[in-house]
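By my numbering, the letter at position 315 of the sequence shown is numbered 756, and the numbering carries on one by one without gaps.
Note that the Cβ used here is the ideal one computed from N, Cα and C, for glycine as well.
Have a look at the structure below, then the notes.
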Amino acid sequence: MRIPGFSEIKRLFSHDVGIDLGTANTLVYLRGQGIIINEPSVVAVNQKTGQIVAIGTEARAMLGRTPGHITAIKPLVDGVISDFETTEEMIAYLLGKATAGTKKVFSPRVVVGVPSGITNVEIRAVRDATRNAGAGEVHIVEEPMAAAIGMRLPIHEPAGSMVIDIGGGTSDIAVISLGGVVASKNLRVAGDKFNSDIVSYVRNQFKILIGEKTAEFIKTTIGSVLPTHAPLEASVKGRDLVTGLPKEVILTDTDIREALAPSVEALIEATREVLESTPPEILSDVMHRGAHLSGGGALLKGLAELIENEINMPVHVPADPLTAVARGTGIILEDIDNYLDVLIANEDELPPKK
Ligand code: ADP
Ligand code: MG
């Protein structure tokens, strides 16, 4: 009989958890089970005790229906930890929830996705927050890398794989080859910006103030960055800025296209810049094999086709772009020895600089 090694034994007696801490949605993957938590990144905090009372949909539902000392916080703004303590508690809460029910001997091994272009200080903050939250081992992976792995792109091959991840706060554009990011760009133009573009457009064109939620609804229902076969329409209610009274207007897909045009152009420009800084040999297979969209923004109607026309190469959208990063952290956990090269090295483990 073969005697199992320590790491195999440890695997049996510990939980391995992958976390996609998105600005809009937080997903948790539990090794052996798959995605077990998929919630909006909102936490309800009891201001008296500082403790998290609920996360996600539950936290959002509590808003306005709870005593004054419970407030809702979005701990991540623009993909960066804006509130360290809340983030730490949120991770602790997620780990607790993910590992509840079964007792395991070792503390969980955790893989966390972070936006590309994050600073060393921010990486340390995520690492510390996760460790303080009870993780035994913390591994950090850049989100576009995790998304590429989640979409099963051949990241270890010398061929180039291009990922365009459009989330809530940030978009990450990266070209990956041989397990590393060879060119990338991170910009604060993503789903939230699209929403605020719609709010501004309606205010300027119709002198009506609409809320962020309404804008998001409009974006996901009639928003299309290319002309649609039949025109799409939706009526929205807002406050008339002249009279102060409620007013209703009809918006069309053409309005939304106009509203989103500058942001969509910025996204395409950033994609071009990443292609421009990609080494020529890698560029030729990227052009041949195309780019892959992930994140909620990938679902914006017409976006893949528009990018395809603008950069002159195929652009693919996976079946479930919203879960690509979380699935990627899961694939890493299931086979961590084969993915050590894609993880961001822990500073403490790096050889000293000369
Ligand atoms: P993050 O990784 O930052 O948490 P996600 O990848 O979860 O972000 O994407 C969330 C964003 O995707 C939100 O801004 C949301 O409005 C947008 N989104 C979700 N579905 C659609 C859709 N069908 N069309 C356009 N945008 C969408
Ligand atoms: Mg994301």
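Query: Rounded straight-line distance, which links the Cα of ILE785 to that of SER548; Result: 21 Å
Query: Same chain only: Cβ atoms within 6 Å of ARG768, ignoring 5 sequence neighbours per side; Result: GLY591
Query: Closer than 7 Å: LYS660 CB and nearest ligand 1 heavy atom; Result: yes
Query: Rounded distance between the beta-carbons of LEU517 and THR528, thought under 8 Å; Result: 7 Å
Query: CA nearest to the CA of ALA488, picked from GLU598, GLY509 and PRO481; Result: With the sequence shown as reference, residue 488 is identified as Gln, and Ala is not the correct amino acid for it. Of the candidates GLU598, GLY509 and PRO481, the one whose C-alpha sits nearest the C-alpha of GLN488 is GLY509.
Query: Boundaries of the alpha helix (DSSP H) in which ARG713 is found, first to last residue; Result: 694–717
Query: Endpoints, the alpha helix (DSSP H) within which THR540 is located; Result: 525–540
Query: ALA797 Cβ short of 7 Å to ligand 1 heavy atom set; Result: Past the edges of the chain, shown from 442 to 795, lies residue 797, and the structure says nothing about it.
Query: Residues that GLY554 bridges to, as DSSP identifies them; Result: ASP461 and VAL582
Query: GLU584: CB within 7 Å of a non-hydrogen atom of ligand 2; Result: yes
Query: Candidates GLU499, ASN636, HIS729 and ALA615: closest to PHE658 by CA position; Result: ASN636
Query: Residues sharing a beta bridge with THR467, DSSP; Result: LEU462 and GLU480
Query: Three-state secondary structure (DSSP) of HIS456; Result: strand
Query: GLY459 beta carbon near ligand 2 (any heavy atom closer than 7 Å); Result: no
Query: Spatial neighbours of GLU689 in its chain, beta-carbon cut-off 6 Å, leaving aside the 5 residues before and after; Result: SER676 and LYS678
Query: Cutoff 7 Å; reference LYS795; Cβ partners in own chain excluding five residues on either side; Result: Confidence at LYS795 is low in this model, with a pLDDT of 48, below 50, so the placement of that residue should be treated as unreliable; the coordinate-derived value is given next. Here the set comprises nothing.
Query: LEU667 (DSSP reduced to helix, strand or coil); Result: coil
Query: Residue nearest to ILE723 in terms of C-alpha spacing, selected from ASN753, ALA624 and ASP782; Result: ALA624
Query: Distance cut-off 7 Å: LEU763 Cβ against heavy atoms of ligand 1; Result: yes
Query: Local conformation of VAL690 per DSSP, three classes; Result: strand
Query: Close Cβ partners of ALA587 (< 6 Å) along its chain, the five nearest in sequence each way excluded; Result: GLY554, VAL766, GLY769 and THR770
Query: Limits of the alpha helix (DSSP H) - the one that ILE723 falls within; Result: 721–730
Query: The stretch 563–577 / the stretch 601–620 touching (three or more Cβ pairs under 8 Å); Result: no
Query: Close Cβ partners of LEU692 (< 8 Å) along its chain, the five nearest in sequence each way excluded; Result: VAL643, ILE659, ILE663, GLU674, ALA675, SER676 and VAL677
Query: Cβ contact (3+ pairs, closer than 8 Å) linking the stretch 592–604 and the stretch 492–502; Result: no
Query: Neighbourhood of ASP524 by C-beta distance below 7 Å, restricted to the same chain and skipping five residues each side; Result: ILE514 and PRO516
Query: Close beta carbons around ARG698, own chain, < 7 Å, minus the five adjacent residues each side; Result: SER665 and VAL666
Query: Per-residue burial, PRO721 [other beta carbons within 10 Å of its own, 16 or more giving buried]; Result: exposed
Query: DSSP three-state assignment for LEU741, whether helix, strand or coil; Result: coil
Query: Three-way DSSP call (helix, strand, coil) for PRO672 in this model; Result: coil
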